[in-house]
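This report refers to the structure that appears directly beneath it.
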Amino acid sequence: MKKISLDIKRCRGCGCCVRSCPKGALSLGKGKVEVGDKCIGCGVCAKACPFDALRKEG
Ligand code: SF4
Ligand code: SF4
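Mapping to the numbering used here: the sequence shown position 33 is 20, numbers consecutive.
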């Protein structure tokens, strides 16, 4: 289950979130970010995204 929501239309594929994730849960594929199963929902990536594409759920 994904603990972070991604607005794919906002994602520019910059990779800032990938580098910020302490769990290595994010990866870039086809110019957009993908959230993997290792995500713990910490929200660090949401703060790192310059385009407001990631949001912590709950
Ligand atoms: S919420 Fe935390 S663990 Fe999940 S993808 Fe973002 S930085 Fe990584
Ligand atoms: S930081 Fe934001 S715009 Fe950049 S790859 Fe991640 S989700 Fe996409």
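Beta carbons are placed, not taken as given, at the ideal position from N, Cα and C, and that holds for glycine.
What you are looking at is a predicted structure, and each value in this text was computed from that prediction instead of being measured.
Could you tell me which uninterrupted alpha helix (DSSP H) segments, each at least 4 residues in length, are contained entirely in the region 10 to 42, listed from first to last along the chain? 31 to 35
Give me, in chain order, the residues of the same chain whose beta-carbon lies closer than 7 Å to that of I27; leave out the 5 immediate sequence neighbours on both sides. Here the set comprises K(-10), K10.
Please output, in chain order, the residues near ligand 1 using a CB cut-off of less than 7 Å to any non-hydrogen atom of the ligand. K(-10), I(-9), C4, S7, C8, P9, K10, A12, L13, V22, K25, C26, I27, G28, C29, G30, V31, C32, A33, L41, K43
Just to check, is the beta-carbon of K125 closer than 8 Å to a non-hydrogen atom of ligand 2? Since the first and last residues shown for the chain are -12 and 45, residue 125 lies out of range.
State the Cα-Cα distance for the pair S14 and G2, rounded to the nearest angstrom. 8 Å
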